[in-house]
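**Q** Residue numbers (the numbering used here): 61 to 143.
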Amino acid sequence: QYIIDGKQSMTVLKDVRTLVADAISAAVAFVEGSTPPQTNTYNNGKIDVPAKPSEVISVDQSNVKAAIIDSGYWPASDFTGLK
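1. For the alpha helix (DSSP H) holding L79, just list the boundary residues, first then last.
2. Kindly indicate which residue of F90, V116, Y102 and K106 has the alpha-carbon position closest to the one of L79.
3. To the nearest angstrom, how far is the alpha carbon of S137 from that of D65?
4. Considering only their Cβ atoms, is the gap separating I84 from T71 smaller than 8 angstroms?
5. Suppose you measure from the CA of K91 to the CA of Y133; what does that come to, to the nearest Å?
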């Protein structure tokens with residue numbers, strides 16, 4: 061709401077639906093004795109660790125409706141002042 065009202069310039073969105081899907085995929089792979097899907101690596105200071113980073117969306121006034129409402133993350137009825 062603060063972004064819509066102009067009181068906050070931006071925030072980041074990590075869509076929990078994506079996070080949950082990635083976690084389920086990893087859990088299923090572990091249970092089946094295989095390696096979870098990976099798309100990247102993360103260096104922990106000692107080794108490159110296989111990773112599957114989830115998308116982080118930068119949300120500001122230019123994309124708040126697309127990122128939050130049109131994506132189905134929250135209903136428009138939860139907000140006022142949407143254009």
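Cβ atoms here follow ideal geometry from the backbone N, Cα and C, with glycine treated the same way.
For clarity, every value in this text was computed on a predicted model and none was experimentally measured.
**A** By the coordinates alone:
1. Mapped onto the sequence shown, residue 79 falls at position 19. Counting along the chain, the alpha helix (DSSP H) containing L79 begins and ends at V76 to V91.
2. For this step, residue 79 is matched to residue 19 along the sequence shown. Sorting F90, V116, Y102 and K106 by C-alpha distance to the C-alpha of L79 places V116 at the top.
3. Along the sequence shown, read from residue 1 onward, the residue named residue 137 stands at position 77. Along the sequence shown, read from residue 1 onward, the residue named residue 65 stands at position 5. Going by the C-alpha atoms only, they are around 15 angstroms apart.
4. The residue given as residue 71 occupies position 11 in the sequence shown. The residue given as residue 84 occupies position 24 in the sequence shown. By the CB criterion at 8 angstroms, T71 and I84 fall outside the cutoff.
5. Start at 1 with the first residue of the sequence shown, and residue 91 comes out as number 31. Start at 1 with the first residue of the sequence shown, and residue 133 comes out as number 73. The sequence shown places Val at residue 91, not Lys. C-alpha of V91 to C-alpha of Y133: approximately 30 angstroms in a straight line.
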